[in-house]
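Numbering (the working numbering), first residue to last: 438 to 671.
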């Protein structure tokens with residue numbers, strides 16, 4: 438099914454815009470969406486597994502977003518290794534909370550020409566929709582930036598997928614980190630649905646981290662109807 442769809446897109450679609458145009462349209466579309474996104478709440482399920490020491494931990498977290506980008510988190514439940522929860526999961530939540538509170542830090546981590554050099558790679562179909570694939574090279578060694586590829590929806594000019602690794606290793610103890618971030622459309626908004634990362638840590642070995650996003654309630658009270666259901670990790 439995928440090959441005929443891809444061939445049809447290649448045969449009927451207009452030539453891809455140049456890289457500068459894609460990025461300019463992406464920035465403009467993102468600004469327009471953010472201007473109408475007043476708030477949302479959503480649930481997250483964080484999971485970490487280390488196979489070498491057979492350690493696992495999980496946290497269920499409620500996230501509340503409010504314009505212009507502030508996020509607050511409430512831990513609903515947690516289980517598994519207390520050390521993993523403290524050193525990994527809680528630290529991830531706290532880092533995101535702190536970044537969201539400071540406009541300069543949000544700006545410094547934005548997918549934008551100020552932070553990255555982009556280069557057009559190809560056009561491909563992603564979840565049944567054509568997308569432009571761009572390489573992204575960070576301009577600084579900010580550990581919250583990444584080096585990899587970005588998929589931009591060819592109709593909405595929204596980021597639908599990111600693959601890569603941190604611009605700078607988080608610490609000496611971490612040999613390598615790779616990740617995949619996936620986004621899905623809810624009404625006019627594109628929001629994260631699944632983050633997967635794999636890390637190779639000295640002494641501790643291979644560790645997998647998964648964040649699932651679900652039960653979004655957008656621009657409505659928390660008791661409103663949920664707009665997303667849990668997605669299964671593939």
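Glycine included, each C-beta is placed from N, C-alpha and C at the ideal position.
Bear in mind that the values here come from a model prediction, so they are computed numbers and not experimental data.
Can you give the Cα-Cα distance for residue i and residue j, rounded to whole angstroms?
i, j, result
"residue 500", "residue 599", "21 Å"
"residue 644", "residue 471", "34 Å"
"residue 517", "residue 527", "13 Å"
"residue 617", "residue 637", "16 Å"
"residue 648", "residue 657", "24 Å"
"residue 462", "residue 594", "6 Å"
"residue 512", "residue 567", "37 Å"
"residue 515", "residue 531", "15 Å"
"residue 620", "residue 655", "15 Å"
"residue 498", "residue 510", "7 Å"
"residue 452", "residue 561", "13 Å"
"residue 520", "residue 454", "49 Å"
"residue 556", "residue 460", "10 Å"
"residue 496", "residue 552", "31 Å"
"residue 646", "residue 540", "27 Å"
Grab me the residues of residue i's own chain with a C-beta within less than 6 Å of its C-beta, minus the 5 sequence neighbours each way, in chain order.
i, result
"residue 457", "none"
"residue 559", "570"
"residue 588", "563, 568, 570, 597, 598"
"residue 632", "618, 648"
"residue 403", "As shown, the chain starts at 438 and ends at 671. That puts residue 403 outside it, with no answer to give."
Take residue i as the anchor and find which of the options has the nearest alpha-carbon.
i, options, result
"residue 548", "517, 538, 489, 577", "577"
"residue 650", "489, 594, 484", "484"
"residue 581", "561, 589, 545", "545"
"residue 634", "523, 614, 655", "614"
"residue 630", "469, 482, 465", "482"
"residue 473", "646, 626, 632", "626"
"residue 465", "504, 522, 550, 486", "550"
"residue 524", "541, 469, 492, 604", "492"
In chain order, what residues of the same chain lie with their CB nearer than 7 Å to the CB of residue i, ignoring the 5 residues before and after it?
i, result
"residue 543", "506, 536, 537"
"residue 554", "574, 576"
"residue 502", "476, 477, 508"
"residue 533", "508"
Run through DSSP, which three-state label would residue i get?
i, result
"residue 577", "coil"
"residue 474", "coil"
"residue 548", "coil"
"residue 494", "strand"
"residue 592", "coil"
"residue 489", "coil"
"residue 469", "helix"
"residue 564", "coil"
"residue 453", "coil"
"residue 604", "coil"
"residue 482", "strand"
"residue 654", "strand"
"residue 504", "coil"
Check whether the Cβ of residue i lies closer than 8 Å to any Cβ atom in chain D.
i, result
"residue 623", "Of the protein chains in the structure, only one exists, and it is not chain D."
Does the ligand COA have even one heavy atom less than 7 Å from the beta-carbon of residue i?
i, result
"residue 587", "This structure simply doesn't include the ligand COA, nor any ligand for that matter."
Using a Cβ-Cβ cutoff of less than 8 Å, which residues in the same chain neighbour residue i once the five nearest sequence positions on both sides are dropped?
i, result
"residue 602", "583, 584, 585, 613, 614, 615, 616"
Exercise. Report the residue ranges of all beta strand (DSSP E) runs contained in full by the stretch 511-557; include only those spanning at least 3 residues, in chain order.
Key: none
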